[in-house]
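Everything in the sequence shown is counted per our numbering, starting at 6 for the first residue and increasing by one. Beta carbons are placed, not taken as given, at the ideal position from N, Cα and C, and that holds for glycine. A quick write-up on the structure given underneath.
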Amino acid sequence: MTPIDRIRNFAIIAHVDHGKSTLADRMLQLTGLVGDRTMRAQYLDRMDLERERGITIKAQAVRMPYRAADGGDYVLNLIDTPGHVDFSYEVSRAMNACEGAVLLVDAAQGVQAQTIANLYLAVDAGLEVIPVLNKIDLPAARPEQVAEEIAALLGGDAADILAVSAKTGEGVPAVLERIVERVPSPGGSRDAPLRALIFDSVYDSYRGVITYVRVVDGEIRPRMDVRLMATGFAHEVDELCVISPEPVQTGVLGPGEVGYLTAAIKEVDQARVGDTITAGADPAPAPLPGYREPTPMVFSGLYPVDSGDFPDLRDALDKLRLNDASFTFEPETSAALGFGFRCGFLGLLHMEIISERLDREFDIPLVTTAPNVRYEVHIDPPMRADDEPAVLEVSNPADLPAPNRIAEIHEPVVDAMIIVPSDYIGAVMQLCEGRRGDLSKMEYLTPERVELRYRLPLAEIIVDFFDRLKSQTRGYGSLDYEPAGLAVADLVKVDILLNADPVDAFSAIVHRDRAYEYGKRMVNRLRELIPRQMFDVPIQAAIGSRIIARETVKARRKDVLAKCYGGDVTRKRKLLEKQKEGKRRMKNVGAVEIPQEAFVAALSVGEDS
């Protein structure tokens, strides 16, 4: 049993690709947990998707034994966190299980947008922040200048900032020593009633729900009766383990320690992230504060390609929801796509990851509709009894009321922080102005680097804004954003009609100035994707009853004159008129066949702008 004053809980936080997982790898080697023969890059990233993309999606906890320079034996609980803005909720959850944070900064790129955002999260959580400069072995490294940037951000002396190379291991032992010196030991009492915070959970087909906990007070032991305070589920602990870095069974988890338990939890809703586990015999009087519920920012419909997969899709979403508290879903029906779910995500990368996990882990091919945000629609007539206009929340364009019933539409806006080299200010400002952005602040961090603050509509940045920013700044620009409420906007719904029938899956809510551009792009794309029928198929884009764009898929033409050679022209004319009449009759009763591939291609996220 580890004395509480010998435990150190810390997270590694940084901007995307600044070396968090590589630093974690070196720490695992230095503490002797992983030998050179079994070592692999991104050791703590367990998902194939993480390894393929080179990013961390899920925060991972690991327990490391460490003998400090003073000869004391310590237990270091490390949490390796994601860096992408879509997974900042994972970072905030990890910080609530720690007392310290290692703030990693790339010595070549310097302070980036998410460096600052993650630092604010750590300060708000009351953590001891240890700044570390990484990648000092790169030819483009600027350790002195970047150390000055960090010192200006944090205060203190630039000379005290540790410089390391996570790739080669240079300077990493000093980081471990600094963690032992500076990060405070956790609070809590072994004698108090048990309170343990659930900070993550995953579903296992054989063992049920595996619950990752950080013990705050008391102790957990195997065969002990425990109860989840929010859901009321009660059972004895079947298995109690620490991750080191593979699961190792333990006889007790005390205050400040991190591990996982199984307790025959079969239903995914019974072990929610942020819930408090307490003892069944001597329960705690009050639960822990838990976590703020994340707010989905981006909404999209997920429909199974095969409608028979709908029950399997529901089960798969339930299991993913357990592991990812920031993901929400509810059933919906589309006339074109059948039964599916309207899902809420923190961002576009989050949406891509969920779709890909459903395809890989559960083998369910999907059609994903175009991403939308949630709008607040104020209805004027009819009025309610108190003469206040009714308010609807709309995340699906098909649910938008008729234009004559809408008083005004409010759209979500964000405060975006963009850090770019000063050479690219003009290009970035042009990009933001083109996305209806309002400049609120511009500040030079150094003579070469500028911080721009913009108020931008969320709908304008969810699709390809980040890609455009990277291409405009040759990869040097960085973006972070946070919600900033709602603002009134001149928005309209663009409907796509095939053979005069609206197809709800292709509808979109766009700004009035962009409506023609969106309609023209969609009808051109559908003209290429929809196969020719036996009759002409008009494809139209409409705002209400007004058509703003049109293309036509020409009919297949059978050569009815092939068997006519010579003879009277009236015979040929009679055959052509008969064919024309048949096509007109077919057009009246015929439904347009839209192949599944056309939906997938037309609704693909990476749409051209």
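What is the DSSP secondary structure of residue i, counted as helix, strand or coil?
i	result
E453	coil
R56	Residue confidence for R56 is low, a pLDDT of 48 falling below 50, so the modelled location carries little weight and cannot support an answer.
P148	helix
A332	Reading the sequence as shown, one finds Phe at residue 332 and not Ala. If DSSP states are grouped into helix, strand and coil, F332 belongs with coil.
P528	One point to set straight first is that residue 528 is Val, not Pro, in the sequence displayed. Residue state, collapsed to three classes: helix.
D30	helix
K140	coil
T120	helix
L405	coil
G213	strand
E186	helix
F315	helix
K271	coil
T575	helix
R226	coil
H355	helix
S512	coil
F621	One cannot answer for residue 621 here, as it falls past the ends of the chain, which runs 6 to 614.
A286	coil
P260	coil
M302	coil
V253	strand
A19	strand
Given residue i, which residues of its chain have a CB within under 6 angstroms of its CB, disregarding the five upstream and five downstream residues?
i	result
H20	G88, Q117, Q119 and T120
L450	E456
R212	T267
T7	V80
P507	D500
D78	R72
I203	T216, V218, V278 and D280
Please classify residue i as buried or exposed, where buried requires at least 16 other C-beta atoms within 10 Å of its C-beta.
i	result
Q435	exposed
Q254	exposed
N14	buried
I12	buried
A145	exposed
Y125	exposed
C103	buried
R530	buried
R551	exposed
V151	buried
N409	exposed
C569	exposed
R441	buried
R578	exposed
K498	buried
Out of curiosity, what's the CA-to-CA distance linking residue i and residue j?
i	j	result
A375	E335	17 angstroms
E582	F540	14 angstroms
P70	D22	27 angstroms
D283	G160	The sequence shown places Thr at residue 283, rather than the Asp named in the question. T283 and G160: Cα-Cα distance of roughly 41 angstroms.
R347	A510	12 angstroms
L181	G261	18 angstroms
S206	A489	30 angstroms
K271	A412	48 angstroms
R537	L580	22 angstroms
P191	A99	15 angstroms
D230	E416	48 angstroms
R187	L28	18 angstroms
P292	R232	11 angstroms
Q251	E175	Note that residue 251 corresponds to Glu in the displayed sequence, not to Gln. Going by the C-alpha atoms only, they are around 26 angstroms apart.
V257	D222	13 angstroms
A554	Y523	9 angstroms
R519	K140	44 angstroms
I544	A340	17 angstroms
V177	A130	25 angstroms
L33	Y486	33 angstroms
L245	L35	26 angstroms
E612	N377	Below a pLDDT of 50, predicted positions are generally treated as unreliable, and E612, at 43, falls in that range; the measurement from the model is reported next regardless. Cα to Cα, the separation comes out at about 14 angstroms.
A494	E556	29 angstroms
Y429	L138	25 angstroms
Excluding the five sequence neighbours on either side, which residues of its own chain have a C-beta within less than 7 angstroms of the C-beta of residue i, listed in chain order?
i	result
P290	none
L322	F334 and F346
G285	D230, V231, R232 and A239
R200	V221, D222, G223, T281, T283, A289 and L293
Rounded to the nearest angstrom, how far is the Cβ of residue i from that of residue j, given a contact under 8 angstroms?
i	j	result
R623	E224	Since the displayed the chain opens at 6 and closes at 614, residue 623 lies outside it and no answer follows.
V418	L491	7 angstroms
Excluding five sequence neighbours on each side, which residues of the same chain lie with their C-beta closer than 8 angstroms to the C-beta of residue i?
i	result
T300	P488
With a threshold of 7 angstroms (Cβ to nearest heavy atom), would residue i be considered close to the ligand FAD?
i	result
A112	In the structure shown, the ligand FAD is absent, as is every other ligand, since no ligand is present at all.
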